[in-house]
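One structure is given below, encoded as structure tokens.
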Amino acid sequence: MTPPASRQELAQWLQQPFQSHAGAFSDEQLNKLRERIEELVNYEAAVGLMGKSGAGKSSLCNALFGQEVAEVDDVAPCTVGASEYTLAYQNGKGISLIDLPGVGERQDKEAAYAKQYQEMLPELDLVLWLIKADDRALSVDEQCYQRLILPYLIEHDIPLLFVVNQVDKIEPCREWDFSRSMPGPQQLTNISRKQFQVSQLFNVPLTQIFITSAVEGYGLQILIEQIIHRLPKEKKWSVTRETRAEYVTPSMQRESIGGLWDTIKEAAKTILRETWTTISYRVESWFSKLFGW
């Protein structure tokens, strides 16, 4: 079964097994559990975007989430001008995209960038670092990553994925198969070389580097699958629900809603205390039967 599309319906749907046993616990406990479920269902993921201008940050986000990103405000207009964008879900915000400056910007602003990263990175769930496939001057990216970004990623345990975007433009670009939206043989070889170059330069494993063409829709399903996989379980659904349906596989759906459900069970165990032991089997059976798990 596919979970309800609207947040309100999903929250009500996840509350059903608890409400059917409402007599086993107090109204206060039920209200606390309801509030926690609604908090999880309505959570807005925050994704940081890094990369030089022209790397295709907006086009990639539009392709993944199926909407035009709309700038809503300047996060720090008095400093170095990071911008926040939102993708609307139903009648409200769904996912926040934070376009972080610094790559290829003025070096005399480095102290200001460092201060801003220190303030903003702890609030992010994930960082995507975009690199244009035909960009050969990556030393600026590497210096910014090593000096300004990496220390905070390690400190706050924030996942980062490198995305080599616009691979349809990598030489020889005439090889690109437009009918199947796939690179040609020599392009594939050069793409692999680019991945290896990024791996060596940034000292990250190849499993952390993904290739995409937002315009051609290439590599997007693999990228979003890995984004979901690397997020904490309580945050997976917040990204899955915003992703274009064509890129959401059954396994992604299962992992995301399963992570949401596991988090709700943990909350139930804390809030309901000994009562959870009594009803846990029946509640979990309801969920398993619903999905056939």
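In the working numbering, the protein residues as written are 2 to 294. Each residue gets a CB set at the ideal place from its N, CA and C atoms; glycine is no exception.
Cβ-Cβ distance between GLY205 and PHE163 below 8 Å:
In the sequence shown, counting from the first residue as 1, residue 205 sits at position 204. In the sequence shown, counting from the first residue as 1, residue 163 sits at position 162. Correcting the residue identity first, residue 205 is Val in this sequence and not Gly. A contact, by the Cβ cut-off of 8 Å.
Alpha carbon to alpha carbon, what distance is there between PRO152 and CYS145?
As a first step, residue 145 is located in the sequence shown; it is residue number 144 there, counting from the start. As a first step, residue 152 is located in the sequence shown; it is residue number 151 there, counting from the start. Answer to the nearest angstrom: the Cα atoms are 11 Å apart.
With the cut-off set at 8 Å, would you say LEU61 and ASN166 are in Cβ contact?
Residue numbering aside, residue 61 sits at position 60 when the sequence shown is read from its first letter. Residue numbering aside, residue 166 sits at position 165 when the sequence shown is read from its first letter. It is a contact, given that the beta carbons lie within the stated cut-off.
Roughly how many angstroms separate the alpha carbons of GLY24 and SER289, rounded to a whole number?
The count along the sequence shown starts at 1 and reaches residue 24 at position 23. The count along the sequence shown starts at 1 and reaches residue 289 at position 288. Approximately 23 Å, taken between the alpha carbons.
Exposure label - SER286; buried when at least 16 CB within 10 Å
Here residue 286 refers to the residue found at position 285 of the sequence shown. With fewer than 16 Cβ atoms within 10 Å of its Cβ, SER286 is classed as exposed.
Where GLY55 falls: helix, strand or coil (DSSP):
For the purposes of this step, residue 55 is taken as the residue at position 54 of the sequence shown. In this structure, GLY55 counts as coil in the three-state DSSP scheme.
Can you give the beta carbon distance from VAL48 to LEU125, rounded, assuming they're within the 8 Å contact cut?
In the sequence shown, the residue the question calls residue 48 occupies position 47. In the sequence shown, the residue the question calls residue 125 occupies position 124. The Cβ separation is near 7 Å, so the contact holds.
What's the gap between the Cα of GLU36 and the Cα of GLU235?
On the sequence shown, residue 36 is found 35 positions in, with the first residue counted as 1. On the sequence shown, residue 235 is found 234 positions in, with the first residue counted as 1. Distance between the alpha carbons of GLU36 and GLU235: 15 Å.
Mind checking TYR282: buried by the 16 CB within 10 Å criterion, or exposed?
Numbered from its first residue, the sequence shown carries residue 282 at position 281. Classification for TYR282: exposed.
Alpha carbon of GLN1 to alpha carbon of GLN20, nearest angstrom:
The structure shown does not extend to residue 1, since the chain spans only 2 to 294, so no value can be given for it.
May I ask you to report which of helix, strand or coil DSSP gives ALA23?
For the purposes of this step, residue 23 is identified with residue 22 of the sequence shown, where counting begins at 1. In the structure shown, ALA23 sits in a helix (DSSP, three-state: H, G or I).
Within 10 Å of its beta-carbon, does LYS116 have 16 or more other beta-carbons around it, so buried, or fewer, so exposed?
Position 115 of the sequence shown, counted from the start, is the residue given in the question as residue 116. Exposed, since its Cβ has fewer than 16 Cβ neighbours within 10 Å.
Would you kindly check if the distance between the Cβ of LYS195 and the Cβ of LEU131 is under 8 Å?
In the sequence shown, the residue the question calls residue 131 occupies position 130. In the sequence shown, the residue the question calls residue 195 occupies position 194. Their beta carbons are not under 8 Å apart, which means LEU131 does not touch LYS195 by this criterion.
Taking the continuous alpha helix (DSSP H) assigned at TRP238, which residues delimit it?
Walking along the sequence shown from the start, residue 238 turns up at place 237. Where TRP238 is concerned, the enclosing alpha helix (DSSP H) stretches over 237-241.
Nearest to THR213 by CA position, among ILE171, THR250 and SER200, is which residue?
Within the sequence shown, the letter at position 212 stands for residue 213. If we check each option's Cα against that of THR213, ILE171 comes out closest.
Measure the Cβ-Cβ separation of LEU41 and ILE228 and say whether it is below 8 Å.
By 1-based counting over the sequence shown, the position of residue 41 is 40. By 1-based counting over the sequence shown, the position of residue 228 is 227. Not in contact: LEU41 and ILE228 (Cβ atoms no closer than 8 Å).
If ILE38 and GLN16 are in contact, beta carbons under 8 Å, what's the gap, nearest whole angstrom?
Within the sequence shown, residue 38 is the residue found at index 37, counting from 1. Within the sequence shown, residue 16 is the residue found at index 15, counting from 1. Between GLN16 and ILE38 the Cβ distance is about 6 Å, and since that is below 8 Å, they are a contact.
Per DSSP, which one or two residues make a beta bridge with GLY49?
On the sequence shown, residue 49 is found 48 positions in, with the first residue counted as 1. Its beta-bridge partners are ILE99 and VAL128.
How long is the line joining the alpha carbons of ILE187 and GLY52, rounded to whole angstroms?
Reading the sequence shown from its first residue, position 186 is the one you call residue 187. Reading the sequence shown from its first residue, position 51 is the one you call residue 52. A small fix is needed here, since residue 187 is Gln in this sequence, not Ile. Going from the Cα of GLN187 to the Cα of GLY52 covers about 26 Å.
Would ASP169 pass as a contact of TYR114 if the rule is Cβ separation under 8 Å?
The sequence position of residue 169 within the sequence shown is 168, counting from 1. The sequence position of residue 114 within the sequence shown is 113, counting from 1. Their beta carbons are not under 8 Å apart, which means ASP169 does not touch TYR114 by this criterion.
Is PHE211 helix, strand or coil when you go by DSSP?
Locating residue 211 in the sequence shown gives position 210, counting from the first residue. DSSP places PHE211 in strand when its eight states are reduced to three.
Helix, strand or coil for PHE163, going by three-state DSSP, please let me know.
Here residue 163 refers to the residue found at position 162 of the sequence shown. Note: PHE163 maps to strand in three-state DSSP.
Coarse secondary structure for SER84, derived from DSSP in three states
Counting from 1 along the sequence shown, the entry for residue 84 is found at position 83. Three-state result, SER84: strand.
Distance check for ARG231 and ALA71, CA to CA, integer angstroms please.
Start at 1 with the first residue of the sequence shown, and residue 71 comes out as number 70. Start at 1 with the first residue of the sequence shown, and residue 231 comes out as number 230. For ALA71, the predicted model reports a pLDDT of 47, less than 50, meaning its position is unreliable; a value from the coordinates is still stated below. Computed Cα separation, rounded: 26 Å.
Backbone secondary structure at TYR153 - three-state DSSP
Residue 153 sits at position 152 when you count from the first residue of the sequence shown. DSSP places TYR153 in helix when its eight states are reduced to three.
Kindly identify the DSSP beta-bridge partner or partners of ASP135.
Your numbering for residue 135 matches position 134 in the sequence shown. Answer is none; ASP135 lacks a bridge partner.
Leaving out five residues before and five after LEU129 in sequence, what residues of the same chain have Cβ atoms less than 6 Å from its Cβ?
Along the sequence shown, one-based indexing puts residue 129 at 128. Here the set comprises LEU50, LEU162 and VAL164.
Does DSSP put VAL73 in a helix, a strand or coil?
If you number the sequence shown from 1, residue 73 lands on position 72. With a pLDDT of 42 at VAL73, under the threshold of 50, the modelled position of that residue is not reliable, and the figure given next carries that caveat. Residue state, collapsed to three classes: strand.
Let's test the definition: count the other Cβ atoms within 10 Å of the Cβ of PHE197 and tell me whether it reaches 16, buried, or not, exposed.
Looking up residue 197 in the sequence shown gives position 196. Burial call: exposed.
Using only CA atoms, which one of LEU273, PHE203 and PRO184 lies nearest to ASP28?
Along the sequence shown, read from residue 1 onward, the residue named residue 28 stands at position 27. Of the listed residues, the one whose Cα sits closest to ASP28 is LEU273.
When you compare each of THR250, LYS237, ILE210 and TYR118 to GLN222 by their alpha carbons, which one comes out closest?
For the purposes of this step, residue 222 is identified with residue 221 of the sequence shown, where counting begins at 1. Closest option to GLN222, Cα to Cα, is THR250.
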